[in-house]
Amino acid sequence: MSDKDTDGQPAAAPARRGARLFLLIPPLIFAAMAAGFYLALQRETPDALPSALAGRAAPALDLPALGNHPTPDAALLAAPGVKLVNFWASWCGPCRLEHPILMQAAAAGVPVIGINYKDRPSNAQGFLRALGNPYTAIGVDENGRAGLDWGLYGVPETFAIDGDGNVLLRFAGPLTADVFSDRFQPLLNSN
521 MSDKDTDGQP AAAPARRGAR LFLLIPPLIF AAMAAGFYLA LQRETPDALP
571 SALAGRAAPA LDLPALGNHP TPDAALLAAP GVKLVNFWAS WCGPCRLEHP
621 ILMQAAAAGV PVIGINYKDR PSNAQGFLRA LGNPYTAIGV DENGRAGLDW
671 GLYGVPETFA IDGDGNVLLR FAGPLTADVF SDRFQPLLNS N
């Protein structure tokens, strides 16, 4: 048996050809992922999470009220113009960071509806006693069902809702002064 083919060259083992093809798979996967990331960054706001609710009616907020606060569904329907719906929790560190922005918005007359997400009511009430209450109504989403209906990724998340009850904007993460002035204020000013 000879290790050479008819031209006198060493015969290429079929396993080597398969191994060479196998070595092309990782660079091809990397190239596909890089192209996907590049395309994702071409969005107008690459840090914004898309919302399936944008332009649609906001889901119901048929939740029990926290303490003696008004129910969120009634407040959502009653408040004219643009209002905010803010999902928050006492155990959420970023919720504490954004709280001063919500307090400023409420002081400026912006209706802010709070949804206390997967939290103990006593902890939520303690949070509000310590930091102040910016909310015109507060609902308790103890099992997270409303969060699922709203497409929540986590807390905090804030939605702008128009006077007809449609979702205008969703922002995932803590509100900052820049985010509020750049993204939410124009919607509030159009009121």
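If you're matching positions, the sequence shown starts at 521 in my numbering and goes up one per residue.
Cβ coordinates follow ideal geometry from the N, Cα and C atoms, glycine included.
Element boundaries [alpha helix (DSSP H), containing residue i]
i	result
A599	Element bounds for A599: n/a, residue is neither H nor E.
L707	Q705 to N709
6 angstroms Cβ shell around residue i - same chain, five flanking residues per side excluded
i	result
Y655	V632 and G634
G659	L581, L583, P592 and I635
P546	none
Same chain, Cβ closer than 7 angstroms to residue i, neighbours up to 5 away in sequence not counted
i	result
A626	V632 and P654
L707	V602, A680, L688 and L689
C612	V675 and P676
Own chain partners of residue i with C-beta closer than 8 angstroms, once the 5 adjacent residues on each side are dropped
i	result
G652	H619 and M623
E564	Confidence is the limiting factor: at E564 the pLDDT is only 49, short of 50, which leaves the residue's position unreliable, though a coordinate-based value still follows. Here the set comprises nothing.
Cβ-based burial, residue i [other Cβ within 10 Å; buried from 16]
i	result
A637	In the sequence under discussion, the amino acid at residue 637 is Tyr, which differs from the Ala named in the question. Result: buried.
N606	buried
I621	buried
F542	exposed
T513	With the chain covering only 521 through 711, there is no way to say anything about residue 513.
F550	exposed
S610	buried
Heavy atom of the ligand COA within 6 angstroms of residue i beta-carbon
i	result
A697	Ligands in the displayed structure: none, and consequently the ligand COA is not present.
Whole runs of the alpha helix (DSSP H) within the region 606-694, excluding any shorter than 4 residues | Segments of the alpha helix (DSSP H) lying fully in the region 606-694: 613-627, 641-651 and 665-669.
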